[in-house]
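Right, here's the structure in full:
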């Protein structure tokens, strides 16, 4: 780990202003991903701004019946919140499916959204990786790619987005709230937060430089049956081969987002009109344009079978 300086701030505006004054500065909250990346010198911030005490650790009801989740609410507290468990069960289940209990105690809402890929070639600094070193190449394309993307990838990167929480939040139509160094705030629908890699896989989201996530807003409860299924190589502490977050309604309609298959939580609203026709028709539309490798083409069938299971569970 390279040396760095450190400061602690007390308000979101102060944090956003502070990061703009020091080139190479980064925000530090739970640190569950950042510190690992610093140890490997994949991330080398020159200055850390500790935002752990800026008051963004509350879960509040909004005026229209939704929920505002502070950026620093821990994954454990969010999963256990009675309102989240009752009206946004898909989110609570996704959180419990991710990481270990110890990590969930430290991981924060905003940090979880912005976690980096777990592509092994990104973490191996002896390997070429356009996401880690732009323009260096992608060793994953010719390497072992079982865990990697089958859709949304590019000739420059086939890494997947690793999280569970963002998949559920995508199905819930969450909105991310931010503040920039000038104090200006904005709202970003989560469907527009993540970028596809294209030729610039190092640009992973649509946040502006030095912009700080302050909260995530969920709309009023949609009702329906909430289901989250995560298929992985072992029962706990593993990233998804495929995960499915679904909100299903009695008339056969629903919303479905899929994780573990793309550089972002994958949702195709146009496919959801096909849900009453069954998993085969829905999956065919959802996966139009898929580019699997020989190592991960099994995911196409796995997605369809997992969605079929989810649809059956929704009817039971």
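Numbering (UniProt numbering), first residue to last: 1 to 316. We put the beta carbon where it would ideally sit given N, CA and C, even for glycine. These figures come from a predicted structure and were not determined experimentally.
Rounded distance between the beta-carbons of residue j and residue i, thought under 8 Å
i, j, result
"residue 248", "residue 224", "6 Å"
"residue 219", "residue 173", "6 Å"
"residue 285", "residue 271", "4 Å"
"residue 118", "residue 189", "The Cβ separation is near 25 Å, so there is no contact."
Proximity below 8 Å, CB of residue i to CB of residue j
i, j, result
"residue 130", "residue 201", "yes"
"residue 307", "residue 244", "yes"
"residue 109", "residue 78", "yes"
"residue 139", "residue 246", "no"
"residue 80", "residue 230", "no"
"residue 70", "residue 59", "yes"
"residue 76", "residue 67", "no"
"residue 122", "residue 156", "no"
"residue 167", "residue 265", "yes"
"residue 283", "residue 303", "yes"
"residue 94", "residue 30", "no"
Distance, residue j Cα to residue i Cα
i, j, result
"residue 154", "residue 112", "24 Å"
"residue 196", "residue 82", "35 Å"
"residue 311", "residue 32", "34 Å"
"residue 89", "residue 227", "8 Å"
"residue 10", "residue 179", "14 Å"
"residue 91", "residue 169", "7 Å"
"residue 300", "residue 241", "11 Å"
"residue 114", "residue 294", "29 Å"
"residue 135", "residue 263", "18 Å"
"residue 86", "residue 217", "16 Å"
"residue 273", "residue 258", "16 Å"
"residue 151", "residue 207", "23 Å"
"residue 316", "residue 251", "13 Å"
"residue 99", "residue 14", "31 Å"
"residue 185", "residue 17", "13 Å"
Same chain only: Cβ atoms within 7 Å of residue i, ignoring 5 sequence neighbours per side
i, result
"residue 8", "50, 53"
"residue 222", "247"
"residue 4", "45, 46, 47, 48"
"residue 141", "158"
Nonlocal neighbours in the same chain, by C-beta distance under 8 Å from residue i, ignoring five residues either side
i, result
"residue 19", "25, 26, 27, 49, 181, 210, 212"
"residue 125", "40, 41, 42, 132"
"residue 314", "225, 227, 246, 248, 254"
Any non-hydrogen atom of the ligand NAD within 7 Å of residue i CB
i, result
"residue 295", "By its list of ligands, the structure shown contains no ligand whatsoever, and the ligand NAD lies outside what it can speak to."
Sequence-distant residues of its chain with Cβ nearer than 6 Å to residue i (five each side left out)
i, result
"residue 37", "43"
Give, in chain order, every unbroken run of the alpha helix (DSSP H) that is at least 4 residues long and sits entirely within the segment 117-204. 120-123, 139-142, 165-171
Which residue spans inside the segment 24-102 form an unbroken beta strand (DSSP E) run of at least 3? The segment 24-102 contains these whole beta strand (DSSP E) runs: 25-28, 47-50, 59-61, 67-70.
Unbroken stretches of the alpha helix (DSSP H), 4 residues or longer, contained in the segment 255-292: 269-272, 279-286
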